[in-house]
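In our numbering, the protein residues as written are 1 to 282.
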C-alpha cells in the first residue's frame, strides 16, 4: 500500500509541474503563488485541532522551513514559466544529489561505494542535459542560463526543506507540520506582496481553474506521502526512488502537450540520473 501511495505522490508531483505551467500561461508568478498557497491553506484548516500543541522552538523551525519553501517556489515557478517543462523535469532530479550531500554534511551519514557511484551517474546525467545547448533544435527552446541556475537553486532549497522535514518530524506530527508551514507560507507571500507593492488581479486569478486543480493536487499528494511515511513497512530509500516517477510525467507532457523538442535525449539524461538513484538507494 505504501508503495502505491508514494507512486501516487510522484505522479501527482509531475502532474503539478505541468499544471503550474498551464496556470502561468494566464497569470503572473506571484498571482499563482499567493492564490495557490491560500487555497491550499484553506483546505487544511479543518485539520486545525490536530495541529495544536507545537512549542515555540518547533514553530520557529517550521517558519524557517516555510521561508525556504517560499524562496524555492518563487525560483521554481519563474523557471517553469520560462523554460520547457521537460528540461525542468530532468533538472528537478538534482534535488536527490543535494539531499544526499546534506545528509552527509549535516546528518553525518556515511557514503558507501554504491552511493558514490550513484552520485557520479546523477552528475553525469545533469552534464549530459547541459550538452543539449549544442543541439540545433535546442536554440528554438530559448532557455536562458539564469533560469537553469534558479531551477537548480530551487532544487537545493527543496533538498534543505526535506532535511528540515526529517528533523522536525521527530518532534511534530504530519498534521502539525502541514498546517503551520502552510500558514507561515501564506504570510510570507502576503508580506512580499505588500512590501514590493506587487499588483495581484485577485478576481481574475481565482477564475483560473488550473490554480484550483494545483492546490487540490498539492494537498492530496502531501497527504498520501504523510500516510506512507507513517507506515512501519515503508523505506525512505525506496520512497526516494519512487518519487522520481514524476520526471517521466513532465518529460512526456513536454512532448505531447507543449510540443517540445529533444524529448528522446532528455529521456536518456533522465534515465542516467534515475539509474544513479537506483544504485545509490538499493
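Virtual Cβ for every residue (Gly too), placed ideally from N, Cα, C.
Check	Outcome
Cα-Cα separation, residue 53 to residue 170	14 Å
Distance CB(residue 218)-CB(residue 63) smaller than 8 Å	no
CB contact flag (residue 251, residue 267, <8 Å)	yes
Where residue 6 falls, given that 16 or more other Cβ within 10 Å makes a residue buried	buried
Neighbourhood of residue 61 by C-beta, 8 Å cutoff - its chain only, sequence neighbours within 5 removed	164, 167 and 168
Under 8 Å between C-beta atoms of residue 145 and residue 65	no
Same chain, Cβ closer than 7 Å to residue 12, five either side skipped, listed in chain order	217, 220 and 221
Cβ shell of residue 158 (< 7 Å), same chain only, five flanking positions each side left out	72 and 95
Residue 176 - containing alpha helix (DSSP H), residue span	174–196
Local Cβ density within 10 Å of residue 25, reported as buried at 16 or more and exposed below that	exposed
Close beta carbons around residue 2, own chain, < 7 Å, minus the five adjacent residues each side	228, 231, 233 and 234
Unbroken stretches of the alpha helix (DSSP H), 4 residues or longer, contained in the region 240–270	246–256
Segment limits, alpha helix (DSSP H) that includes residue 166	145–168
Cβ-based neighbour list, residue 89, same chain, cut-off 6 Å, excluding 5 preceding and 5 following	247, 250 and 251
Whole-Å CB distance - residue 276 paired with residue 122, under 8 Å assumed	4 Å
Nearest neighbour of residue 17, chosen from 213, 98, 85 and 91 [CA to CA]	85
Backbone secondary structure at residue 138 - three-state DSSP	Low local confidence applies: a pLDDT of 48 at residue 138 is under 50, so the model's placement there is unreliable, with the coordinate-based value given in what follows. Helix at residue 138.
Through-space distance from residue 116 to residue 200, alpha-carbon basis	46 Å
Nearest to residue 189 (by Cα), restricted to the options 30, 4 and 22	30
Straight-line Cα distance separating residue 196 from residue 39	22 Å
Contact under 8 Å by Cβ, residue 211 with residue 32	yes
Integer-rounded CB distance, given that residue 79 should sit under 8 Å from residue 150	5 Å
Through-space distance from residue 125 to residue 77, alpha-carbon basis	23 Å
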